[in-house]
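Same order as they appear, the protein sequences are chains Y and V. No gaps in the numbering here: position 17 of the first sequence is 17 in my numbering, and each next residue is one more. No gaps in the numbering here: position 93 of the second sequence is 93 in my numbering, and each next residue is one more. Working notes for the structure below.
2 protein chains.
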Amino acid sequence: MRIFRKQAFPVDNVRRFLEPGPIVLVSSRWNGASNIMTMGWHTVMECSPSLIGCCISSANHSFDMIRRSKECVINIPTFELRDAIVGIGNCSGQAVDKFRKFQLTPVAGVAVKAPSIAECYASFECRIADASLVRKYDFFVLEVVRARVAASPKYPRTVHYRGDGRFMVSGSEISRRRKFRPENL
Amino acid sequence: MRIFRKQAFPVDNVRRFLEPGPIVLVSSRWNGASNIMTMGWHTVMECSPSLIGCCISSANHSFDMIRRSKECVINIPTFELRDAIVGIGNCSGQAVDKFRKFQLTPVAGVAVKAPSIAECYASFECRIADASLVRKYDFFVLEVVRARVAASPKYPRTVHYRGDGRFMVSGSEISRRRKFRPENL
Numbered sequence: 001m002r003i004f005r006k007q008a009f010p011v012d013n014v015r016r017f018l019e020p021g022p023i024v025l026v027s028s029r030w031n032g033a034s035n036i037m038t039m040g041w042h043t044v045m046e047c048s049p050s051l052i053g054c055c056i057s058s059a060n061h062s063f064d065m066i067r068r069s070k071e072c073v074i075n076i077p078t079f080e081l082r083d084a085i086v087g088i089g090n091c092s093g094q095a096v097d098k099f100r101k102f103q104l105t106p107v108a109g110v111a112v113k114a115p116s117i118a119e120c121y122a123s124f125e126c127r128i129a130d131a132s133l134v135r136k137y138d139f140f141v142l143e144v145v146r147a148r149v150a151a152s153p154k155y156p157r158t159v160h161y162r163g164d165g166r167f168m169v170s171g172s173e174i175s176r177r178r179k180f181r182p183e184n185l
Numbered sequence: 001m002r003i004f005r006k007q008a009f010p011v012d013n014v015r016r017f018l019e020p021g022p023i024v025l026v027s028s029r030w031n032g033a034s035n036i037m038t039m040g041w042h043t044v045m046e047c048s049p050s051l052i053g054c055c056i057s058s059a060n061h062s063f064d065m066i067r068r069s070k071e072c073v074i075n076i077p078t079f080e081l082r083d084a085i086v087g088i089g090n091c092s093g094q095a096v097d098k099f100r101k102f103q104l105t106p107v108a109g110v111a112v113k114a115p116s117i118a119e120c121y122a123s124f125e126c127r128i129a130d131a132s133l134v135r136k137y138d139f140f141v142l143e144v145v146r147a148r149v150a151a152s153p154k155y156p157r158t159v160h161y162r163g164d165g166r167f168m169v170s171g172s173e174i175s176r177r178r179k180f181r182p183e184n185l
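In structure tokens, the structure reads:
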């Protein structure tokens, strides 16, 4: 599987990759073990600071790892990883070493202890910024503190979950930049 | 512009259209006036009750209309409405009647007073379920209380905002249903 060569990327701009709504892989580390989960319920909340809101079900093994370590990495997989995306979402880190099972390469975190995934297009190291809605909705507000994005391709071919085992694959690109007010870009 | 013939749809399943991350048009009504805004910062939070989390900047005219009326409609536009999506996001409801300016047809709400948009593929009538993060993050938790979805096409061609005036257009569909555990679909 291809390993993406990534570069530093401004954390304030991670919305360019998250706002279109791709499925992401969330990696975590706690108590000497690493894990990965598949996540589709996330939204940009602010550019600066760079805040992401997401629901991580308390039924997931990752829930406690992220809640206790207060950290994780949001990785963006491309179409090539579609079977790993499904596989990771359909087994538990309690029973399986997912990096090994899905032949993914952990890359040591710099700002966080959680590892990134070398085979993903982008990796955003995050710390929990606000846990006030965790108990009620399993909702975490994360701050992206370090971002790395592949230099090419410019726009990744991402997969977007529809529920019911179906995915939409990202298609063509259009620009309407000239019709925007500068402050709305 | 095409008007979609919509049917009742189970509110617990609106994730099928929202989880892939499309740009949506949010319509509202307050004090005798209707308005529309373009929104890209939203996430599914729960299926039952059907909860959607979204950021609506307090700089938007819609912010006060939604906060005061405690209601809105999330409408899903397709590719055909791309120029209306951009236009609606680049003018203010304080100065413009957006239904008139963009030749969109308001459809009276049933569970809420806010109108739906006839030219959109799907319309989800929502009530504010939790406003506890509004002051800090402009973040609203909405409950979908009535959903209407076009009978065809089965999968709409949606647009997904990348920032910087660029959009990704939804592409092909794939199914991995047989690789899912039933409880994970």
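Just so you know, even glycine gets a beta-carbon here, dropped at the ideal spot from N, CA and C.
Check	Outcome
For residue 20 of chain Y, which residues in chain V fall below 8 angstroms Cβ to Cβ?	21, 160, 161, 162 and 168
If you drop the 5 nearest sequence neighbours on each side, which residues of the same chain put their C-beta closer than 6 angstroms to that of residue 125 of chain V?	73, 109, 111, 112, 145 and 146
Tell whether a beta-carbon distance below 8 angstroms holds between residue 56 of chain V and residue 66 of chain V.	yes
Quick test of the definition: if touching needs 3 or more C-beta pairs under 8 angstroms, does the segment 91 to 106 of chain Y touch the segment 23 to 36 of chain Y?	yes
Residue ranges of each alpha helix (DSSP H) run of no fewer than 4 residues wholly in the segment 111 to 146 of chain Y, ordered along the chain?	134 to 137
Leaving out five residues on either side along the sequence, give the residues of the same chain with a beta carbon under 6 angstroms from the beta carbon of residue 157 of chain V.	78, 79 and 170
Short check: CB of residue 118 of chain Y to CB of residue 107 of chain Y, under 8 angstroms?	yes
For residue 19 of chain V, I'd like the list of residues in its chain whose CB is within less than 7 angstroms of its CB, leaving aside the five on either flank, ordered along the chain.	44
Go through its chain and collect everything with a Cβ distance to residue 30 of chain V's Cβ below 7 angstroms, but skip five positions before and after it.	65, 68 and 69
Nearest CA to the CA of residue 137 of chain V: which residue from V:42, V:88, V:173 and V:82?	V:42
Is the Cβ of residue 137 of chain Y closer than 8 angstroms to any Cβ of chain V?	yes
Would you tell me roughly how many angstroms separate the C-alpha atoms of residue 121 of chain V and residue 182 of chain V, rounded to the nearest one?	28 angstroms
Roughly how many whole angstroms lie between the Cα atoms of residue 83 of chain Y and residue 160 of chain Y?	13 angstroms
In whole angstroms, give me the CA-to-CA distance for residue 149 of chain Y and residue 128 of chain V.	36 angstroms
Mind checking residue 173 of chain Y: buried by the 16 CB within 10 Å criterion, or exposed?	exposed
Please classify residue 85 of chain Y as buried or exposed, where buried requires at least 16 other C-beta atoms within 10 Å of its C-beta.	buried
Among V:11, V:25 and V:40, which one has its Cα closest to the Cα of residue 50 of chain V?	V:11
For residue 174 of chain Y, which residues in chain V fall below 8 angstroms Cβ to Cβ?	82, 159, 166, 167 and 169
I'd like the list of long-range same chain contacts for residue 102 of chain V, defined as Cβ closer than 8 angstroms, with 5 residues on each side in sequence excluded.	36, 84, 87 and 88
CA-CA distance, residue 141 of chain Y and residue 14 of chain V?	23 angstroms
Check each candidate in Y:54, Y:130, Y:185 and Y:26 and name the one with the smallest Cα separation from residue 61 of chain Y.	Y:26
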